[in-house]
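Trainee:
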Amino acid sequence: MTASAAPAGTVTVDTAYISGPQWFDSRGHFTGRVPADGDLSKMGFTPNQAGSPRVTTRAEAAELARKSGSTYGRPSGVFATAPAPGRVLSDDPISPAECREHADLATQPQGWIKNHFSYCHIGTFLAIERRCIGVVCVPLGIFQTRVTLLGEAYNGSRAADFRVVLDEITVSDSAWRGRFAYRIDCAGAPSSSSCTPRTESMERSPIEWIADPEVDLNFWSDADEPRPEHGEQLAFGVFLGTGAFTFRGRPTTESSKPETSVRFDSAWYLTTGEGSIFDRTVPWMSYSKSDTEVDETAAHIEQAQLDPASTKPTVPDKHIPGASAQDPLTRLYHDTVRRDANRDRFAIPVCRAEWPGYPDRNQDCDEYPFSSTYQGAARHEYENVPYGMFSARALDADDNEEAGTRLGIFMGYDRIIDGDDFYVRIVS
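The structure is reproduced here in structure tokens:
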């Protein structure tokens, strides 16, 4: 009598791309443990979740920034007039070590946006081949790696570059004969040339990844030369990172996780005519009350933000925005009539009435919100808000001019264009 063969069972392949601070320690090391039977669903994951990026509008990116609480900023002192060479114009890219030092933010699904030009995300990719006979399952091979994704945008180039760094690679049994691929998909708008890849993926064996754990993936966006007649030439790209693993003889299985977005712009009135930014964050600039070059401006803004009822003009239920990402200011550039109205028609008359003869004392009329914002003193003529949601005060002309110069450099360098949000912090 011939013995019957043992049942072959069912072989399956599952993948997961894991992020979230609950799965990582303070240095970005993965703390999860794969179950003995290789069932990723026991870890709370739905395996093999691969997606496609969807373009977000400018307004949607701003809303995602507010919801995530992503902000960053710089003290106005770095934008002081006549700065030392190299003091300002550095995009300050993130290193892998720095990304891991900020694991509490970098492991969030949205990643960490250090500034408009630097982004990173930390996740772990898992691929498991397993055989199940009835309800009993055993892993045949496991591939696991930490993925540190670093993104860089630019002043001076409509490009977005990503550096993929793999480490903490664990490989067992059948996974040694497999291949891991990392891919970034980009959905661009408004046209097919809005987000064009130079290199969008890399596939290697586990041994090859261990020997060479990094790869650069690059994208750019076409535009005409930055000129007023061409407008701002805005384009948008949403980037989605996907890991895929192929066990020998099995179909490729993939999972996606990190998503971020980049705005490409050509704006002739910025520090450099063209560039790119990670746009799911809200920038701020701070003025210091101990900085003698702008201390009067700082004191005025602080009073306007914290005690608007005490400022001029005196109006009931006064609210002055601009102190937070949830209540930001918005840059106004194109409408010069409105900018002039903010200052000449509404702010200066308040200064003349409250501080007669102030120009003779070498003073300027300082207004907050700034005349270069949509929240300026003329807002009531354009939006459904009451008159007087601003503050005007006579203060030292040199102080006022220095504060305004720093604001202009900040907006130009950080690529804050007409319609972009930002806010102002006051520090001691």
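Residue numbers (the working numbering): 1316 to 1743.
Each residue gets a CB set at the ideal place from its N, CA and C atoms; glycine is no exception.
State the start and end residues of the unbroken beta strand (DSSP E) segment that holds T1586.
Mentor: Looking at the DSSP string, T1586 is not in any beta strand (DSSP E), and its letter there is neither H nor E.
Trainee: What residues are listed by DSSP as bridge partners for P1759?
Mentor: Absent from the model: residue 1759. The displayed extent of the chain is 1316 to 1743, so no value can be given.
Trainee: Count the other CB atoms within 10 Å of the CB of I1499; is the residue buried (16 or more) or exposed (fewer)?
Mentor: Classification for I1499: buried.
Trainee: Which whole-angstrom value describes the C-beta separation of S1571 and Y1332, a residue pair presumed to lie in contact below a C-beta threshold of 8 Å?
Mentor: Indeed they touch by this definition, with Cβ atoms about 6 Å apart.
Trainee: Quick one: is L1464 near chain C, going by C-beta distance under 8 Å?
Mentor: Looking for chain C here will not work: only one protein chain is present.
Trainee: Looking only at its chain, what residues have a beta carbon closer than 6 Å to the beta carbon of A1323, apart from the 5 residues adjacent to it on each side?
Mentor: Here the set comprises nothing.
Trainee: Could you tell me the alpha carbon to alpha carbon distance between R1389 and S1601, rounded to whole angstroms?
Mentor: About 6 Å.
Trainee: Under DSSP, the beta strand (DSSP E) around V1451 begins and ends at which residues?
Mentor: Unbroken beta strand (DSSP E) run through V1451: V1451 to E1467.
Trainee: Which one or two residues does DSSP pair with T1645 in a beta bridge?
Mentor: D1736, per the DSSP bridge assignment.
Trainee: Helix, strand or coil for R1676, going by three-state DSSP, please let me know.
Mentor: Helix.
Trainee: Please report the distance separating the alpha-carbon of E1375 from that of R1381.
Mentor: Answer to the nearest angstrom: the Cα atoms are 10 Å apart.
Trainee: Between which residues of its own chain and R1653 is the CB-CB distance below 7 Å, once the five residues before and five after are set aside?
Mentor: Counting only Cβ-Cβ distances below 7 Å, and skipping sequence neighbours, we find L1647, A1693 and Y1697.
Trainee: Out of H1634, P1671 and T1361, point me to the one whose CA is closest to Q1620's CA.
Mentor: Answer by Cα proximity: H1634.
Trainee: Inspect the beta-carbon positions of Y1728 and T1561 and report whether they are closer than 8 Å.
Mentor: Taking 8 Å as the Cβ cut-off, Y1728 and T1561 do not qualify as a contacting pair.
Trainee: Rounded to the nearest angstrom, how far is the Cβ of S1744 from that of T1645, given a contact under 8 Å?
Mentor: Outside the displayed range of the chain (1316 to 1743) lies residue 1744, so it cannot be described from this structure.
Trainee: Are there 16 or more other CB atoms within 10 angstroms of the CB of T1371, so buried, or fewer, so exposed?
Mentor: Burial call: buried.
Trainee: According to the Cβ coordinates, are P1336 and Q1423 closer than 8 Å?
Mentor: Cβ distance < 8 Å, so P1336 and Q1423 count as in contact.
Trainee: According to DSSP, H1431 sits in a beta bridge with which residue or residues?
Mentor: Answer by DSSP bridge pairing: none, since H1431 is not bridged.
Trainee: From what residue to what residue does the beta strand (DSSP E) around F1339 run?
Mentor: It is not in any beta strand (DSSP E) - F1339 carries neither H nor E in the DSSP assignment.
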